[in-house]
Amino acid sequence: MIPNAEKTLKSVIVIGAYLIGIFGLIVGPLSLLTAIAKHAGTTDGRIVHLTPLGDWLVAALMGATFLWSITVGGFAKACLTRQHLQLMWLFLFGLGLLAGLSMMFDQMRGAMAAFAADQHGDNPKFAGFIAFWILMVGYAGKAVWDEPRDRVGKWLEPICERMVSAFGSPHKETSADE
Numbered sequence: 002m003i004p005n006a007e008k009t010l011k012s013v014i015v016i017g018a019y020l021i022g023i024f025g026l027i028v029g030p031l032s033l034l035t036a037i038a039k040h041a042g043t044t045d046g047r048i049v050h051l052t053p054l055g056d057w058l059v060a061a062l063m064g065a066t067f068l069w070s071i072t073v074g075g076f077a078k079a080c081l082t083r084q085h086l087q088l089m090w091l092f093l094f095g096l097g098l099l100a101g102l103s104m105m106f107d108q109m110r111g112a113m114a115a116f117a118a119d120q121h122g123d124n125p126k127f128a129g130f131i132a133f134w135i136l137m138v139g140y141a142g143k144a145v146w147d148e149p150r151d152r153v154g155k156w157l158e159p160i161c162e163r164m165v166s167a168f169g170s171p172h173k174e175t176s177a178d179e
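Just add 1 to the spot in the sequence shown (first one is 1) and you have the numbering used here.
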């Protein structure tokens, strides 16, 4: 039997499920935004004009993106824990996600600038959606960095306590601290 095979399998399952969720959050809203522009709007050169239905669909897409971001981020917070994911896998996964998201955000910055360059029609709405979408992907990815930060913080806490105690007694809270 492979050592730590069960822990490794758990880690792979958790990472795989999270990747499916974050990939859906990355691809889904942008694909739907493109479909809305094509089917519920018109383009005049580089300017997009939405129908009233298109306006409503973009608003609904923002709500769905928000809910999907909360779901993916909640999954990450619940599952990227010590019980489900080994620290080595968490660090490697976090570094890979950081690299991937950084490259993707750089690409999206260019797309957002193209919409923002021409402030006519509904282009500002599309630029705003892309900015909102970047924020939602960032929030869903944040849990990947929160968990290792918390683990390292717990590891550093006794070291910090020893450093502080070397300079005298620990600070006692008083009513003035509240």
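Glycine is no exception: its CB is placed at the ideal position from the N, C-alpha and C atoms.
| Asked | Found |
| --- | --- |
| Keeping to the same chain, check which residues put their C-beta closer than 8 Å to that of T72; ignore five residues upstream and five downstream. | G22 |
| For S166 and I160, I'd like the C-alpha separation in whole angstroms. | 10 Å |
| Please classify G169: does DSSP put it in a helix, a strand, or coil? | coil |
| Could you tell me whether the Cβ atoms of M113 and A128 are closer together than 9 Å? | yes |
| Contact check, G42 vs L51 under 8 Å by CB: the rounded distance? | 4 Å |
| Identify which residue in A132, L157, H85 and R163 has its Cα closest to the Cα of G111. | A132 |
| Pairing CB atoms from the segment 65-84 with CB atoms from the segment 23-30, are three or more of them under 8 Å? | yes |
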